[in-house]
Amino acid sequence: MSKIVVLGSFMMDLVTKVDRLPKNGETLVGLSFIQNSGGKGANQAAAIAKLGKPVIFAGMVGNDDFGLEARRVLDSIGVSTNNLKITKSSPTGIGNVMVDQNGMNRIVIIPGANLVYSSIEFESIKELVRSSKLLVLQLEMDFELTKGAIDFAHKNGVKILLNPAPARKLPKELLRKIDYLTPNETELGILTNQAIQTAEEAIKAAQSLVKEGVKNVIVTLGEKGAVWIDDSGDVTKMKAFSVDAVDTVAAGDSFNGALACGIIDDLDKEEILRTANQVGALTVTKTGAIQSLPTIEELEEFQHAINRIEV
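Okay, here's the thing in structure tokens:
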């Protein structure tokens, strides 16, 4: 039985490469266009599978070519898709992505079938969740469904990792049930209504969430690395790894996938953060979403290279 269940979104990413991101009202000529399988839930499940862990992905796609591609891509890398449902009432979700020459991106999502998945479909995976060790969630699906999934996992003693993206304010009663909350700087700012520009400000904001009842807050800080604040007050910092960034799409998702793997292996926080930062760094060296996620072999090769440099 898989120790990790990911309940989340699948999106077909429609990606335009540009010299720079356009200003308001400006039309630019793009450099290239590509279609990539993505969505935060699918990306995180794929990251876990490519790092060698069994994972179940539950979600919904439309009865269309994008939906067929979702199953094909996820199956090909070892993600269990038996619980990927198909609906005829809505098309597969899409993400409109613009990526500039520095790898920075802007994304607009149209959830489509992801919002059709409801508590009725969740009934069919309750036993899988109950027997798992970790439930991984994001905020690209119906919020009432997500709250219900958190309630169920919490009542059954299953650890919960919530990646709060797209960001929104979360009720206090929900925060108290979350074991691992993984915002980036922007999401942390929205969650806490604080401006986050430095690692110190991120730590302070994360500590306020811990006071609300979250057991662990792990904040990704881009080139500044990541910090982990737990409910004992302990703060663990980890530097970022320097690479030539090509495309930052899915970097946060790969970080979350690596985090999930480390959690179920009961590794210490420093080792989990180090590995998650390494996986995120490798992800930005390639274009795309799922195809940019590193395999366990690529991660080990990167780690060996780092060790040789440090020696």
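No gaps in the numbering here: position 305 of the sequence shown is 1012 in this note's numbering, and each next residue is one more.
Beta carbons are placed, not taken as given, at the ideal position from N, Cα and C, and that holds for glycine.
N- and C-terminal bounds of the beta strand (DSSP E) containing residue i
i, result
"T723", "718-724"
"N812", "812-817"
"V843", "841-844"
Span of the alpha helix (DSSP H) around residue i
i, result
"Q751", "747-757"
Alpha-carbon to alpha-carbon, residue j and residue i
i, j, result
"G746", "I827", "22 Å"
"A820", "Q901", "33 Å"
"G682", "G774", "In this structure the chain extends from 708 to 1018, so residue 682 is not present and cannot be described."
"D849", "N1014", "44 Å"
"I979", "T799", "33 Å"
"A965", "T794", "30 Å"
"F962", "T982", "8 Å"
"V843", "N923", "14 Å"
"K987", "K833", "Residue identity check: residue 987 is Gly in the sequence provided, not Lys. Cα to Cα, the separation comes out at about 31 Å."
"I925", "P890", "7 Å"
"V725", "I814", "13 Å"
"F1009", "S796", "44 Å"
Helix, strand or coil at residue i according to DSSP, with G and I counted as helix
i, result
"S709", "coil"
"Q985", "helix"
"D973", "coil"
"G896", "helix"
"G929", "helix"
"L735", "coil"
"I936", "strand"
"S826", "helix"
"G769", "strand"
"I801", "strand"
"V924", "strand"
"F859", "helix"
"N821", "helix"
C-beta atoms of residue i and residue j nearer than 7 Å
i, j, result
"F717", "G769", "no"
"I711", "L841", "yes"
"K997", "A753", "Strictly speaking, residue 997 in this sequence is Ile, with Lys absent from that position. Their beta carbons are under 7 Å apart, which means I997 touches A753 by this criterion."
"A912", "T899", "yes"
"Q751", "D960", "yes"
"A872", "Q845", "yes"
Check: residue i C-beta below 6 Å from any heavy atom of the ligand COA
i, result
"G785", "Inclusion of the ligand COA in the displayed structure is not the case, the ligand content being empty and no account of it being possible."
### Query
Touch check for the segment 725-736 and the segment 755-769: three-plus C-beta pairs under 8 Å?
no
### Task
Check whether the segment 847-862 touches the segment 873-887, taking contact to mean three or more Cβ pairs, one atom from each stretch, closer than 8 Å.
yes
### Message
With a threshold of 8 Å, are at least 3 pairs of Cβ atoms found where one atom belongs to the segment 709-724 and the other to the segment 931-940?
### Response
no
### Query
Taking three-plus beta-carbon pairs below 8 Å as touching, is the segment 803-810 in contact with the segment 945-958?
As far as the Cβ criterion goes, the segment 803-810 touches the segment 945-958, which means the pair count is three or higher.
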